[in-house]
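Visitor: Structure provided below as structure tokens; questions to follow.
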Amino acid sequence: MEWLLWGLGSVAAFGVWGVVVRRVLDAVDWRLVAIVSFPGYLLPLAGLWAAAPADVDGLTADLALKAIIGGALAQTGVFFLYLSLDWGGKASVVVPITALYPVVTIVGASLFLGESPSPGQLVGALLAVVAVGLVAWGERRPATEAGLEEVGATVPDPPDDSNPPPIR
Numbered sequence: 351m352e353w354l355l356w357g358l359g360s361v362a363a364f365g366v367w368g369v370v371v372r373r374v375l376d377a378v379d380w381r382l383v384a385i386v387s388f389p390g391y392l393l394p395l396a397g398l399w400a401a402a403p404a405d406v407d408g409l410t411a412d413l414a415l416k417a418i419i420g421g422a423l424a425q426t427g428v429f430f431l432y433l434s435l436d437w438g439g440k441a442s443v444v445v446p447i448t449a450l451y452p453v454v455t456i457v458g459a460s461l462f463l464g465e466s467p468s469p470g471q472l473v474g475a476l477l478a479v480v481a482v483g484l485v486a487w488g489e490r491r492p493a494t495e496a497g498l499e500e501v502g503a504t505v506p507d508p509p510d511d512s513n514p515p516p517i518r
């Protein structure tokens with residue numbers, strides 16, 4: 351069950367991270383955030399390496415390349431998250447939507463790794479999609495911002511041009 355504590359730590363870190371990044375993106379361009387945050391990625395890595403150095407004996411060029419590709423994919427996901435927030439997405443909606451990546455992982459593991467998802471995993475994935483759908487559904491822009499009238503709102507009648515005022 352130690353894995354659960356690490357997982358909950360990840361949840362807490364990502365949750366706070368989403369709020370912090372949203373605040374920073376309110377002030378500066380997403381590309382600047384991506385570059386300036388790079389040292390922040392290195393600090394925990396340096397701490398991890400100092401506390402528990404990795405055994406590099408089994409590392410091959412092929413495995414290193416796959417790890418680099420994995421890192422590039424993870425960082426690309428972060429860039430897309432930054433873009434979504436930068437383009438006006440609310441952290442309370444965007445971050446939960448991006449949390450659907452485990453559903454993609456379940457499908458990918460089934461297709462490419464030969465893993466068979468358990469019934470519990472399938473139900474969990476479905477519930478995750480429903481939960482994120484509900485979170486996103488709750489996000490509504492003001493009708494004027496969306497270029498639409500609010501449902502049930504009264505729309506004023508157009509001016510009556512059939513009897514215009516006299517021209518003087």
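Note that our numbering has the sequence shown beginning at 351, numbered continuously upward.
Glycine residues also receive a C-beta, built at the ideal position from the N, C-alpha and C atoms.
Helix or strand or just coil, what does DSSP make of L463?
Guide: The answer is coil: DSSP assigns L463 none of H, G, I, E or B.
Visitor: Could you have a look at L392 and say whether DSSP puts it in helix, strand or coil?
Guide: The answer is helix: DSSP assigns L392 an H, G or I state.
Visitor: Tell me which residues share the same chain as G439 and place their Cβ nearer than 8 Å to its Cβ, disregarding the 5 neighbours each side in the sequence.
Guide: No residues qualify anywhere along the chain.
Visitor: Apply the 10 Å Cβ neighbour rule to A441 and answer buried if 16 or more other Cβ atoms are within range, or exposed otherwise.
Guide: By the neighbour-count rule (16 or more Cβ atoms within 10 Å), A441 is buried.
Visitor: Express the C-alpha separation of W399 and G359 in angstroms, rounding to a whole number.
Guide: Their Cα atoms are separated by approximately 19 Å.
Visitor: Would you grab the beta carbon distance between V383 and L375 for me? Rounded to a whole angstrom, and I think it's under 8 Å.
Guide: With a Cβ gap of about 6 Å, V383 and L375 count as contacting.
Visitor: Quick one, which of A481, F388, L393 and W353 has its alpha-carbon nearest T448's?
Guide: T448 has its Cα closest to that of A481, out of A481, F388, L393 and W353.
Visitor: Tell me whether S468 is buried or exposed, calling it buried when 16 or more other Cβ atoms sit within 10 Å of its Cβ.
Guide: So S468 ends up on the exposed side.
Visitor: Give every residue of the same chain whose Cβ lies closer than 6 Å to the Cβ of L372, excluding the five residues on either side of it in the sequence, and list them in chain order.
Guide: The question names Leu, yet the displayed sequence has Arg at residue 372. Only L435 and A441 meet the Cβ criterion.
Visitor: Quick check: the Cα distance between L433 and W380, rounded to an integer number of angstroms?
Guide: Each residue's Cα considered, the two are about 6 Å apart.
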